[in-house]
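Undergrad:
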Amino acid sequence: MRQQLFSTVENILNKDDKTVLILGDIGVYGFRNSFKKYPGRVYNMGCCEQSIISVASGLSLSGLIPIVHTIAPFLTERCYEQLKIDFGYQKLCGNFVSVGASDDYSTLGATHQCPADVNILKQIPDFQICVPGTAKEFDILFNQSYDNGNPTYYRLSEQKNNIDVDVEFGKANIIKKGKLFTIIVVGNMLNDILETTKNQDVTILYYTTLSPFDKQTLKDNFEGKKILLCEPYYKGGLDYDIISSLYPKPVTIDHFGLDRRFPIY
Amino acid sequence: MNKIKYLKKQILTTAFISKEGHIASSFSALNMIYVIYDKILDINLKNYKDPNSNVFILSKAHASLGLYVVLVDKKFFDILKLDSFCHFNSYLSGHPNNKIPGVIANTGSLGHGFCISAGIALGKRIQNNYGNVYCLIGDQETLEGTTYETASLASNYNLNNLYVIIDHNDSSPINIDCLENKFYHFGFHVESIAGHNHYDIKNALSVKSDKPVCIVSHTIKGYGIKRMENNPNEWHHKSPSLEEYLEMIGELDNAPTII
Numbered sequence: 001m002r003q004q005l006f007s008t009v010e011n012i013l014n015k016d017d018k019t020v021l022i023l024g025d026i027g028v029y030g031f032r033n034s035f036k037k038y039p040g041r042v043y044n045m046g047c048c049e050q051s052i053i054s055v056a057s058g059l060s061l062s063g064l065i066p067i068v069h070t071i072a073p074f075l076t077e078r079c080y081e082q083l084k085i086d087f088g089y090q091k092l093c094g095n096f097v098s099v100g101a102s103d104d105y106s107t108l109g110a111t112h113q114c115p116a117d118v119n120i121l122k123q124i125p126d127f128q129i130c131v132p133g134t135a136k137e138f139d140i141l142f143n144q145s146y147d148n149g150n151p152t153y154y155r156l157s158e159q160k161n162n163i164d165v166d167v168e169f170g171k172a173n174i175i176k177k178g179k180l181f182t183i184i185v186v187g188n189m190l191n192d193i194l195e196t197t198k199n200q201d202v203t204i205l206y207y208t209t210l211s212p213f214d215k216q217t218l219k220d221n222f223e224g225k226k227i228l229l230c231e232p233y234y235k236g237g238l239d240y241d242i243i244s245s246l247y248p249k250p251v252t253i254d255h256f257g258l259d260r261r262f263p264i265y
Numbered sequence: 266m267n268k269i270k271y272l273k274k275q276i277l278t279t280a281f282i283s284k285e286g287h288i289a290s291s292f293s294a295l296n297m298i299y300v301i302y303d304k305i306l307d308i309n310l311k312n313y314k315d316p317n318s319n320v321f322i323l324s325k326a327h328a329s330l331g332l333y334v335v336l337v338d339k340k341f342f343d344i345l346k347l348d349s350f351c352h353f354n355s356y357l358s359g360h361p362n363n364k365i366p367g368v369i370a371n372t373g374s375l376g377h378g379f380c381i382s383a384g385i386a387l388g389k390r391i392q393n394n395y396g397n398v399y400c401l402i403g404d405q406e407t408l409e410g411t412t413y414e415t416a417s418l419a420s421n422y423n424l425n426n427l428y429v430i431i432d433h434n435d436s437s438p439i440n441i442d443c444l445e446n447k448f449y450h451f452g453f454h455v456e457s458i459a460g461h462n463h464y465d466i467k468n469a470l471s472v473k474s475d476k477p478v479c480i481v482s483h484t485i486k487g488y489g490i491k492r493m494e495n496n497p498n499e500w501h502h503k504s505p506s507l508e509e510y511l512e513m514i515g516e517l518d519n520a521p522t523i524i
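Okay, here's the thing in structure tokens:
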């Protein structure tokens, strides 16, 4: 997915002269061609992430479309207030692409792990969240949403699915229909779920846009009384969306995802 | 200058009626805000969002009443709107937001406005747009780390269309001395002025430099009202009683020219 980021963003810089790329001293070598081709629109501002987000909001206010890239915990948790106020509260267009999803950087310690990114960004009204399952899906989702006037977070992972799904921003995909129960699977967990349920009569709904949440697809395709929610970050990020989508119908949610605990060394 | 007295009375009256507002901070910042709008910005209700217009951001956003009365004076919205200050359904919130005519950024949490201003200044540079960006921050706001992060960025990118004005009204419990030296060494052109003197303010804001400009503006919190000047902490966020309100109005009436 990281390689795809470099080419997707370079293509966007090429076709849309309103876009500006800002790096937090991450991905500098990968974006070396973009630095050469668009010196006035590509910046490495170093490791001052909070200010980078606020500066990006200023760029957005001036009419540009910022794209900010750095490691997930520094892009989200460290800058949470800047994302909330400068982009969410002001409802500005901006794109935030992370690398190092959840425990991708498992050996680097909890400082570099970010299994709460989706959970916390879910609390910012109108903050769009995309969790693509493959490089191609990222390219599709980014191109469909980068200039739609809202702030959008793209969670890139080193883990990816073997198949590309024909995703659309804001829509869930129906992977298969069954009667026993419904599985909601997010982003790069689709592979494992397809493998383990291949002989089971279940409905599988695939979500790559988590905000805004596609309530209708869930409502129309909910089978049984139970949902197995499979998320590649802290369990339960979509609980509220699921319950409110199906209300007043009762639903039991089983979770498969990361537990809320630090790594043990 | 009678205009400043008149605006201070509006601030006092609005705070008295609403039982809200940061009067003392508004009084320390009012002269700067007024001169910026009166002499520097050259913007009005029709053109303030134009990409080539000058921009002002009040980062020390609790001084919102100081901004609102100036926006009224410059015809951005009607004076009657002040009656809705801090009402539940009013856009005139305690801290400015971009629903208010004349305001382009939502501020309130310290340490954001200066960074947003630097982003707008950089955006103007990238798009070859005219206009400068003026940002008023509080002196204690320099304790927010983003202030110096952004000072590094502004200096690195030579944002000479960026002016940061520091309302140095000694409000910090922590030593923040030598602001002039700090910003000088970050690579700013620095001016140190008496922040209630319109002549000084205008001259400093008119400086052209090849560097970003920092104006350290020495002020008094609650300027013009002895009760506040002598006890700025008590009056940081306090609305006057009727007796206090009448006394303060009288003090303004009897004061010599306040500029």
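Going line by line, the protein sequences match chains A and B. Residue 247 in my numbering sits at position 247 of the first sequence, and the numbers go up by one each step. Residue 367 in my numbering sits at position 102 of the second sequence, and the numbers go up by one each step. Every residue, glycine too, gets a C-beta built ideally from N, C-alpha and C. Only a predicted model underlies this, so the values are computations on that prediction, with no experimental measurement involved.
#1: From the DSSP output, which residues share a beta bridge with glycine 403 of chain B?
#2: Hey, which unbroken runs of the beta strand (DSSP E) at 3 residues or more fall wholly within the stretch 149-206 of chain A?
#3: In the DSSP assignment, find the alpha helix (DSSP H) that holds asparagine 33 of chain A and state where it starts and stops.
#4: Rounded C-beta distance between serine 54 of chain A and glutamine 90 of chain A? I'm assuming under 8 Å.
#5: Can you give me the start and stop residues for the beta strand (DSSP E) that glutamate 111 of chain A sits inside?
#6: Of all the residues that make up the stretch 39-69 of chain A, which are near chain B by a beta-carbon distance shorter than 7 Å?
#7: Between leucine 269 of chain A and glutamine 128 of chain A, what straight-line distance do the alpha-carbon atoms span, to the nearest angstrom?
#8: Cβ closer than 7 Å: which chain B residues qualify as neighbours of glutamate 281 of chain A?
#9: Compile a chain-ordered list of the residues in the stretch 274-290 of chain B whose CB is closer than 8 Å to at least one CB of chain A.
#10: For the beta strand (DSSP E) holding tyrosine 43 of chain A, just list the boundary residues, first then last.
#11: So, at 6 Å on beta carbons, what are the nonlocal neighbours of valine 481 of chain B in its own chain, with the 5 sequence-adjacent residues on each side left out?
#12: Where do the N-terminal and C-terminal ends of the alpha helix (DSSP H) with asparagine 462 of chain B fall, by residue?
#13: Which bits of chain A does alanine 326 of chain B rub up against, with CB to CB less than 9 Å?
#14: Using 10 angstroms around the beta-carbon of aspartate 315 of chain B, count the other beta-carbons present and answer buried if the total reaches 16, otherwise exposed.
#15: Between the stretch 414-432 of chain B and the stretch 381-392 of chain B, do at least 3 Cβ pairs fall closer than 8 Å?
#16: Counting only beta-carbon atoms, is glutamine 210 of chain B nearer than 8 Å to chain A?
#17: How big is the Cα-Cα spacing for glycine 178 of chain A and lysine 226 of chain A?
#18: Please list, in chain order, the chain B residues whose beta carbon lies closer than 9 Å to that of valine 20 of chain A.
#19: Contact criterion: CB-CB distance below 8 Å. Does isoleucine 124 of chain A meet it with respect to chain B?
#20: With a threshold of 16 other CB atoms inside 10 Å of the CB of aspartate 220 of chain A, please say whether the residue is buried or exposed.
#21: When the Cα atoms are used, what is the spatial distance from alanine 469 of chain B to glycine 460 of chain B?
#22: Check whether the Cβ atoms of cysteine 479 of chain B and valine 398 of chain B lie closer than 8 Å to each other.
#23: Have a look at B/Ile308, B/Lys274, B/Ser504 and B/Glu508 and flag the residue whose alpha-carbon is nearest the alpha-carbon of isoleucine 369 of chain B.
#24: What residues in its chain sit with their C-beta under 8 Å from that of leucine 141 of chain A, if we drop five residues either side in the sequence?
#25: What does a CB cutoff of less than 7 Å around leucine 59 of chain A pick up in its chain, not counting 5 residues either side in sequence?
#26: Could one say the Cβ of threonine 407 of chain B lies closer than 8 Å to chain A's Cβ atoms, at least one of them?
#27: Can you tell me the Cα-Cα spacing of serine 102 of chain A and methionine 189 of chain A, whole angstroms?
#28: Does the contact criterion of 3 or more C-beta pairs under 8 Å hold for the stretch 389-406 of chain B versus the stretch 342-355 of chain B?
#29: Figure out for me which residue from A/Thr70, A/Gly187, A/Thr196 and A/Thr8 has the closest Cα to the Cα of glutamine 144 of chain A.
#30: Under 8 Å between the Cβ atoms of methionine 513 of chain B and leucine 332 of chain B?
#31: First and last residue of the alpha helix (DSSP H) that includes threonine 372 of chain B?
TA: This is what the structure holds:
#1: B/Asp432
#2: 151-155, 173-176 and 182-186
#3: 32-37
#4: At roughly 11 Å, the Cβ-Cβ gap does not stay under 8 Å, so serine 54 of chain A and glutamine 90 of chain A are not in contact.
#5: It is worth fixing the name first, because residue 111 of chain A is threonine in this sequence and not glutamate. From DSSP, threonine 111 of chain A is part of no beta strand (DSSP E); its letter is neither H nor E.
#6: Gly40, Arg41, Met45, Cys48, Gln50, Ser51, Ser54, Val55, Ala56, Ser57, Gly58, Leu59, Leu61, Ser62, Gly63 and Leu64
#7: Nothing about residue 269 of chain A can be reported from this structure: the residues present for chain A run from 1 to 265 only.
#8: With chain A covering 1 to 265 only, the question about residue 281 of chain A has no answer from this structure.
#9: none
#10: 42-44
#11: Ile431, His433, Leu444, Glu445 and Ser457
#12: Unbroken run through asparagine 462 of chain B: none, as it is neither H nor E.
#13: Within chain A, no residue comes near alanine 326 of chain B; the closest Cβ sits about 11 Å away, beyond 9 Å.
#14: exposed
#15: yes
#16: With chain B covering 266 to 524 only, the question about residue 210 of chain B has no answer from this structure.
#17: 13 Å
#18: Leu387, Gly388 and Ile391
#19: no
#20: exposed
#21: 10 Å
#22: no
#23: B/Ile308
#24: Cys130, Pro132, Tyr154, Val167, Phe169, Thr208 and Thr209
#25: Val20 and Pro66
#26: no
#27: 12 Å
#28: no
#29: A/Thr8
#30: no
#31: That residue, threonine 372 of chain B, is in no alpha helix (DSSP H); it is neither H nor E in DSSP.
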